[in-house]
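In our numbering, the protein residues as written are 90 to 572. We treat Cβ as the ideally placed atom computed from N, Cα and C, and that holds for glycine.
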DNA sequence: CCTGGAGTTGTCCTA
DNA sequence: TTAGGACAACTCCAG
C-alpha cells in the first residue's frame, strides 16, 4: 500500500495534530504525508484576516510546525490562490490524494468545492472531514426539515443527536513525504512591525494546541464549578478563553465536549458548570449553522425591516468608541481591554455593542468590522451572529427594548470596579460608589481621586437616558414604517 | 393545519 | 427596599 506518492494534508482552521480527522485519514492511507498551509489572500469572497488574527496565525503556524516536526513531518508553507497552489504541488510531488477538514463560511465553501472538483478531474483523490463543529449544519434539522432559527430547541436537538467521535491515536512517528520548498513564515509579515502593537497580545496569550489543552485542563480543574456565576464577571478570570484556540482549530469542539463530559461525571457544581460550557460551545455551532443556511447574515440584517433603520453616520463617534473615550467607564474599559489584549470579556462585548448600536445609533456592521480587525478570536459566524443579536436584527435576537445601561451593568457585574480600574487607570483612585459614574461624583471626591472630567477622563459623550429614548423612538418609527 | 408555549444575557416605573 | 409588571409583537417549533 505504501508508495512514494504522498498524501497532502491541507491545514486551514484545524491547526492541531491531535483529534484531526484529515490527518488521521492521511496516516491511515499509509502514504508519506505532506502537511501544507496556504496563505491565500486571493481567492474571491474570503475576508482577509484582521490584524490580531494575523498575529495569532503566525504563532499558531509556528506551533503547528513544531508539533508536526515532533512527529517527523515538515509543514510546508505556500502562498497564493489555493487551487493553483494545490495543483502545482500535486504536479511537483506526484501526490495522489489531498485531505482537509471542512470550513463553513460561504466563500470558503465555494473555494473548497472548486478545489475538490479540480482535483477529482485530475484523478486525485480529494476527501474532506468534520474536525471543527459538533454537528455540521446539514446534520441537524427541525421537525419540519428546515434549519433551526432559535437556539434553545437547537440545543435540545443537538444534545439528543450528538455523539463524540472515537479518538484516533496516531503513532508517535509519522511517515514524511520528500522535502519540498516552501515559504519562510516570517516573509508573510503577519506580525506587526511599524509599530509593533502586539506587546499586549504577547502578555495575554500562549498560542498553539499545547497551550489550548493546558487552558482547557486548567479551566476544568479550577474554574468550571464557578462558571455559571463567574462567567458574567469581567473582574474575575471566570471564562474559558478558548475562543481564539477554537477559531484556528488548535483545539476541536469534540475534545472540549469529551473533557467536559468527564467533568459532568463528577456531579454537583462541576457538572452544572460543564453543562454551561457545552451550551456556550453549542452557540458557536449554532452561529455556524445560521451562517451556512443564511449566508447573507454576514453582511445583511436577518430581519429585513432593519434595512430601514436610521443609522447615524458618525465617524467621530465611532472613533471615540474604538479608542475607549466615551466617558462611560465600563464601555471604555472593554474597548481598551480589546485594544490591548485582542480580547474582550463576553458580557462587556454585549455592553459595548449595545452602546454603539443603541446609544450612538451607529450601524452594527461598523462595530463588527472593528471587532474583526482587533479580536484574536475574530470569527465570521460568531461575530456577525452576536452583533446581530445585540442589534436586534438577528435570528432569535435580543428584543429592541433591551438596552444595556453601562452604569447598572457595571455595578452589577464589576461591583467594586476592579475591571474598570485595570483598564482605565485614570479612574484608579475613584471610590467604588462612583467608579462607574464619575460625572455624578461630588467635586471633592473627584479632586481626591485626581480626576478632572474633560481633562484626565472624558465627560460622557451622550446622556444615556436621552440616548435610550432616542433609540426606542427610532425602533418605534421602524415598526410604524413597515406596518 | 392548527395550537399553544416559549424565546441567552434588561431596564424602569410603580406600588 | 423590593418585587412585579410593562415594554411588542412575532415567529419558531413541537405535538
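- Inter-segment contact for the region 315 to 323 and the region 361 to 380 is present: three or more beta-carbon pairs are separated by less than 8 Å.
- Looking at 488, 142, 249, the one whose alpha-carbon comes closest to that of residue 296 is 142.
- With a minimum length of 4 residues, the unbroken runs of alpha helix (DSSP H) contained wholly in the region 354 to 431 fall at 357 to 382, 404 to 412, 418 to 430.
- Contact check for residue 167 and residue 340: beta-carbon distance about 25 Å, past the 8 Å limit, so the pair fails to qualify.
- In the structure shown, the three-state DSSP call for residue 121 is coil.
- Ranked by Cα distance from residue 187, the first of 290, 100, 419 is 100.
- Annotated three-state conformation of residue 132 is coil, per DSSP.
- By the Cβ neighbour-count rule, residue 344 is buried, with 16 or more other Cβ atoms within 10 Å of its own.
- With a beta-carbon spacing of about 24 Å, residue 300 and residue 377 fall beyond the 8 Å limit used to define contacts.
- Residue 236 sits away from residue 416, with the two beta carbons spaced by 8 Å or more.
- For the pair residue 189 and residue 544, the Cα-to-Cα distance works out to about 55 Å.
- Closest by C-alpha distance to residue 102, out of 556, 371, 334, 388, is 334.
- Look at residue 487 here: in three-state DSSP terms it is coil, with no helix or strand label.
- Counting other Cβ atoms within 10 Å of its Cβ, residue 122 reaches 16 or more and is therefore classed as buried.
- For residue 142, the enclosing alpha helix (DSSP H) starts and ends at 140 to 159.
- Within the region 171 to 239, the alpha helix (DSSP H) runs of at least 4 residues that lie entirely inside it are, in chain order, 171 to 182, 195 to 210.
- By the beta-carbon neighbour count (other beta carbons within 10 angstroms, threshold 16), residue 111 is buried.
- Around the beta carbon of residue 425, 16 or more other beta carbons lie within 10 angstroms, which makes this residue buried.
- By the neighbour-count criterion, in which a residue is buried when 16 or more other Cβ atoms sit within 10 angstroms of its Cβ, residue 488 is exposed.
- Taking all protein chains in view, the Cβ of residue 239 is surrounded by fewer than 16 other Cβ atoms within 10 Å, so the residue is classified as exposed.
- For residue 183, the CB contacts under 6 Å within the same chain, skipping 5 residues up- and downstream, are 94 in chain order.
- Between residue 170 and residue 217 the beta-carbon gap is near 18 Å, outside 8 Å, which marks them as no contact.
- Note that the C-beta distance between residue 509 and residue 408 is not below 8 Å.
- Inclusion of residue 386 and residue 443 in the CB contact set at 8 Å is not warranted, their separation being larger than that value.
- Taking 8 Å as the cut-off, the Cβ atoms of residue 391 and residue 253 do not count as close.
- When beta bridges are read from the DSSP output, residue 265 appears opposite 122.
- The C-beta distance from residue 309 to residue 365 rounds to 12 Å, too long to fall under 8 Å, and the pair is not in contact.
- DSSP places residue 320 outside both helix and strand once states are collapsed to three, so it counts as coil.
- Assignment of residue 99 by DSSP, reduced to helix, strand and coil, places it in the strand class.
- In this structure, the alpha-carbon of residue 163 lies about 50 Å from that of residue 450.
- Check the Cα spacing between residue 474 and each of 373, 436, 429, 440: the tightest is with 373.
- Contact annotation, residue 531 with residue 519: C-beta distance approximately 12 Å; criterion of less than 8 Å not satisfied.
- It is roughly 18 Å from the alpha-carbon of residue 96 to the alpha-carbon of residue 257.
- In this structure, DSSP gives residue 546 an extended state, which the three-state scheme calls strand.
- Residue nearest to residue 213 within the set 150, 151, 205 is 205 (criterion: CA-CA distance).
- Pairwise C-beta distances place the region 394 to 409 out of contact with the region 496 to 509, as fewer than three of them are shorter than 8 Å.
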